[in-house]
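Enquirer:
Number of protein chains: 2
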Amino acid sequence: MKLNQATDYAFRMVLYLASMPEGTKMTGAALAENQHIPERFLLKIMRSLTAAGIMKSYRGVDGGFALQRHPSEITLFDIIEAVEGQTELQRCLHDMSSCTRECGGMCAIYGAFSDIQHQLAERLKAINFEGLAEQERTFHANK
Amino acid sequence: MKLNQATDYAFRMVLYLASMPEGTKMTGAALAENQHIPERFLLKIMRSLTAAGIMKSYRGVDGGFALQRHPSEITLFDIIEAVEGQTELQRCLHDMSSCTRECGGMCAIYGAFSDIQHQLAERLKAINFEGLAEQERTFHANK
DNA sequence: CAATAATTAACCGAAAAAGTATAGTTTAAT
DNA sequence: ATTAAACTATACTTTTTCGGTTAATTATTG
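Just so you know, the sequences run in chain order A and B. The first sequence begins at 0 in numbering that gives the first Met the number 0 and counts up one residue at a time. The second sequence begins at 0 in numbering that gives the first Met the number 0 and counts up one residue at a time.
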């Protein structure tokens, strides 16, 4: 039931840029070093984030990455969806045919997880990176 | 972020016994056939459930498995914990040293997931198998 | 003792996760 | 135009987890 490592890296990447002045652009290498993420792997994750419209990439000399949207418009849910493809806990919520229990969807477990899943998604959508960056600042102020 | 197959099988196994008259005892083979679960794999999952005090096992002739507690005392959370060991979404919630972002726990992401995790756990603990079995019955009544 | 059924521990193949490599493209600056 | 700095695309390798199986063992009933 864990998120992958790539997703956690993506959280950090976005959080860091969200903590910088708006529009800050950084190279993959710099961000990787700063956040202790393997550089090539970071680049790979970046592709998912740019494809999802979360990051913007600049090629060539003086290229790098910047946030494509305002941090307040990027949620935890967005990142998970971009990196993992979907956010479901139970496989049958995502793909009914994955279940071998021939119940035709008349399943109390399915029902329970539909609810839980929905609430979880709402919670994840309620948390955006403007808020997270703000919190991060207060941590650093108290250090 | 998915639960694994074993956990889903465990849900079914417990739900089925919870739907039967209290104290019903069944062999692994019978339960496996009934719920379309590979038999040997079911047996393996059963060990986690018995170790967790959810199932009771009887060896030898006329042996089998039965629920060890009343269905109302078995929750979704219990099953996940028994089969997967822990229910955390973020690895750092379970093992702080798993994070390479040297922030000493002063992390907005960590904070956000602590909350979400806690709420998720509460939701999972709120759903027990007496209720699920009840729901299952109404499905069958309407069929 | 014989038959039955769970237990234990080891094992295995496949798939997914995590990370790396290589060969391009694009771009700014010289 | 060249060059060097950066991302892109694809493909590859390695490690871990998942899903499941085997085989020998132990416990129970009759």
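Even for Gly, the Cβ is constructed at its ideal location relative to N, Cα and C.
1) Note down the Cα distance separating A125(A) from G103(B), rounded to an integer number of angstroms.
2) Going straight from the alpha carbon of M144(A) to that of E38(A), what length do you get?
3) Going by the CB atoms, is the gap between I44(B) and I73(B) shorter than 8 Å?
4) What residue range does the beta strand (DSSP E) around K55(A) cover?
5) Near K24(A), which residues of its chain fall below 6 Å by C-beta distance, leaving aside the five closest residues on each side in sequence?
6) Do you know how far the Cα of A29(B) is from the Cα of L131(A)?
7) Listing by chain order, which chain B residues have their CB less than 7 Å from the CB of E83(A)?
8) Would a check of beta-carbon distances place Q116(B) closer than 8 Å to chain A?
9) Under the rule that 16 or more other beta-carbon atoms within 10 Å means buried, what is G27(A), buried or exposed?
10) So is F138(B) in contact with chain A if we call contact Cβ pairs under 8 Å?
11) Closest to N141(A) by C-alpha separation, out of M105(B), G110(B), C91(B), E83(B), would be which residue?
12) Using the C-alpha atoms, what's the distance from D114(B) back to R58(A)?
13) Name the chain B residues that come within less than 8 Å of E87(A), Cβ to Cβ?
14) Below 7 Å CB to CB, which residues in the same chain sit around L48(A) once its five sequence neighbours on both sides are set aside?
15) CA-CA distance, M0(A) and Q34(B)?
16) Give me, in chain order, the residues of the same chain whose beta-carbon lies closer than 8 Å to that of Q85(B); leave out the 5 immediate sequence neighbours on both sides.
17) Against chain A, with Cβ distances strictly below 8 Å, would A5(B) count as a contact?
18) Am I right that D118(A) and D7(B) are in contact with their C-beta atoms under 8 Å? What's the rounded C-beta distance?
Expert: Taking the coordinates as given:
1) So the two alpha carbons sit approximately 25 Å from each other.
2) Because chain A is modelled from 0 through 142, residue 144(A) falls outside the range shown and cannot be assessed.
3) No, Cβ-Cβ distance for I73(B) and I44(B) is not below 8 Å.
4) Run containing K55(A): 54 to 57, per the beta strand (DSSP E) assignment.
5) G63, A65.
6) Taking the straight line joining both Cα atoms gives about 51 Å.
7) By Cβ distance, chain B contributes M0.
8) Q116(B) has a beta carbon lying at 8 Å or more from every beta carbon in chain A.
9) When all chains shown are included, G27(A) counts as buried.
10) In terms of beta-carbon proximity, F138(B) lines the interface with chain A, with at least one pair separated by less than 8 Å.
11) Considering only alpha carbons, the answer is M105(B).
12) In a straight line, the C-alpha of R58(A) is about 38 Å away from that of D114(B).
13) The answer, in chain order, is M0, K1.
14) Around L48(A): A9, M54, A81.
15) When only Cα atoms are considered, M0(A) and Q34(B) end up about 23 Å apart.
16) So the qualifying residues of the chain are H93.
17) For A5(B), not one C-beta of chain A is nearer than 8 Å to its own C-beta.
18) Rather than Asp, the amino acid found at residue 118(A) in this sequence is Gln. Not confirmed; about 20 Å, so no contact.
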